[in-house]
Each structure stands twice: as C-alpha cells, then as structure tokens.
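Beneath this line is the structure, given in structure tokens, with notes to follow.
Numbering (UniProt numbering), first residue to last: 1 to 257.
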C-alpha cells in the first residue's frame, strides 16, 4: 500500500514538475506579447505625430509660398504704378512748358494782329507786306504748339487710362488675395478637423490597446495564481511523500545505525 501511494504521489509530483515550467513559459510569452503591444502602441503614436507635423509643415510652406507670390505681384504692380505716375508728372511738366511757351506766342500774335489792323486802317501796304511773313510764321508756330499740346493731352489721357487699369488690376489682385486667404483658412479648418479625427482615432486605438493590455494583465495574473496553486500543490505532495515514507527512506544515512 505504501508503494502504491508513493507511486501515485510521485506521478502527481512529476506532473506538477512538468506543469510549472509550462506555466512559466506561458507567463514569459504573455510578458513578451505585452511588450510587443506596448512597442506597437508607441510606434503608432510616433507615426501619427510625425504625420501631423508633416501636414502642418506642408500647409505652412504652402501659405508662405502663396504669400510670397502675392507680395511679389503687389510689388510689381506698385512699381508699374510708380512708373506711370512719373510719366504723368513728366507729361504735366511738358504741358506746363508748352502752355508757358504758347502764352507769349499768343500775345505776340495778338500784337501783330493789332499792328496789321492799324496798318490797314492807315493804308500802309508796304509795312503790311513786310509783317505778313512774320505773322504767318507765328501762326505756323502756334499751330505746331497746339498740335503738340493736343498730342500730349492724348498721351496724358492714355496714361490716365493705364493708371485706371492698373488700379483695377490691383483691386482684382487684392480680391484674389482675399479669396486665397479664405481658401487657405478653409483648408486649415479642414486640416484641423482631419487632425482632430485622427487624434480621436488614435485615442480609440489607444483605448483598445489599453483594454488588450488589461486583458493580458488579467490573464497573466490568473496564470500567476495558477502557478502559485501548483507550487502549493507541489509542496503539499512533497510534504506528503516525505511524511509517509519510512525512517529508512527519509533518513538513509541514519538507517545503517
């Protein structure tokens, strides 16, 4: 009977010896799985953060490029406006010079006409014939100056039209600038909305991974409890074997005496 009970308890003891390493292996595997999940979680967080940073940087670069282009266009238009204003000033100065030149000519012409009238009234034909070429020359000069004045007035009108066109272009560019800014703001709002969605998804993933980690930790705790129970059973069976064995088997070095 003693040998049979010893054999059965030895079998239980051997089974416990086999189960304990297996449980230790399972615990180690669960720990490795937990570590891998944690690493995956960190990698996901880092990747999402990098994507967010890249998107923000791209948007900022686009904004800067658009602003630079618009500023360049505005500067070019302002330079054109300045050039046109300078041309207008030059034309105005020339018109003033022409007017200053025309006034004495007109006065001379009036004086000559008065002289001619006086000569005609006094019937001095010889002097009248002498003054006629001078009068014709003054008339030609006056006509030329008037033509120049008309041409300058036409050029001035053209420049004024160009200025108006440039002002309209400036207004259009400003409107385009405002529209682009509004579009960029809309893009930024959409991007922020997408970023918020990504963050929410990230939070959901984090929650899921945390739940998985909690489940794995619970299983790990259960395995540890099972391991403790098996260790207790092993100690109990070992104690039973040691207690039920005879004196000669428990203490073989004393059995000789």
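Note that CB positions come from ideal geometry on N, CA and C, so glycine has one too.
Straight-line spacing of the CA atoms in residue 211 and residue 70 works out to 52 angstroms. If the five residues before and after residue 77 are omitted, its C-beta is found closer than 8 angstroms to the C-beta atoms of 166, 169, 170, 173, all from its own chain and listed in chain order. If you keep only unbroken beta strand (DSSP E) runs of at least 3 residues inside the segment 200-240, you get nothing at all. Of the candidates 87, 41, 228, the residue whose Cα lies closest to the Cα of residue 161 is 87. Using a C-beta cut-off of 8 angstroms, the segment 181-193 makes contact with the segment 43-59, since at least three inter-stretch Cβ pairs fall below that distance. Between the alpha carbons of residue 176 and residue 184 lies a gap of roughly 12 angstroms. CA-CA distance, residue 206 to residue 44, rounds to 9 angstroms. The residues 216, in chain order, have a CB closer than 7 angstroms to that of residue 33 in the same chain once the five nearest residues on each side in sequence are set aside.
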